[in-house]
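Every letter in the sequence shown is one number past the one before it in numbering that gives the first Met the number 0, and letter 79, counting from 1, is 78.
For every residue, glycine included, the Cβ atom is placed at its ideal position computed from N, Cα and C.
None of the values given here were measured: they were computed from a predicted structure.
The next block holds one structure in the form of structure tokens; read it before the comments.
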Amino acid sequence: MLMHNPPHPGEVLRELCLEPLGLSVTAAAEALGVSRKTLSAVLNGKAGISPEMAIRLSIAFDTSAESWLNQQSQYELWHAEQHRKDLKVKKLVAA
């Protein structure tokens with residue numbers, strides 16, 4: 000079952016990981032080994048969590064990479080479902 004309007008994983012990252020540790024975007028990006036621009040795009044919902052970023056986050060915050068990818072998947076699927084009625088797809092049935 001899909002969560003109702005799940006938050007972007009970047010929002011979760013900011014609120015549950017960066018803010019409690021008092022980390023700036025610059026400090027977190029440095030620790031993750033990515034550019035400030037890359038991390039900022041994720042935090043602002045302009046970019047998603049890639050498999051590589053999920054691994055980086057899992058190492059840095061002692062979480063699972065799968066949890067980050069699941070959040071991204073749930074976010075994207077919920078938003079795609081909002082446009083389900085616009086899709087031009089025919090049901091396929093056995094003859």
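- The C-beta separation of L56 from L20 comes to about 13 Å, leaving the pair out of contact by the 8 Å criterion.
- Non-local beta-carbon contacts of G47 in its own chain, meaning distances under 6 Å to residues more than five positions away in sequence, involve Q71 in chain order.
- When the beta-carbon positions are compared, A59 and L31 come within less than 9 Å of each other.
- Here A28 is buried: its Cβ has 16 or more other Cβ atoms, across all protein chains shown, within 10 Å.
- Taken in chain order, the complete alpha helix (DSSP H) segments of 4 residues or longer contained in the segment 3-85 are 8-11, 24-31, 35-42, 50-60, 64-80.
- The alpha-carbon of N43 is positioned some 45 Å away from that of A93.
- Counting the other Cβ atoms within 10 Å of the Cβ of H7 gives 16 or more, which makes it buried.
- Looking from the CA of T62, the closest CA among E10, C16, N4 belongs to C16.
- Contact annotation, P5 with Q73: C-beta distance approximately 5 Å; criterion of less than 8 Å satisfied.
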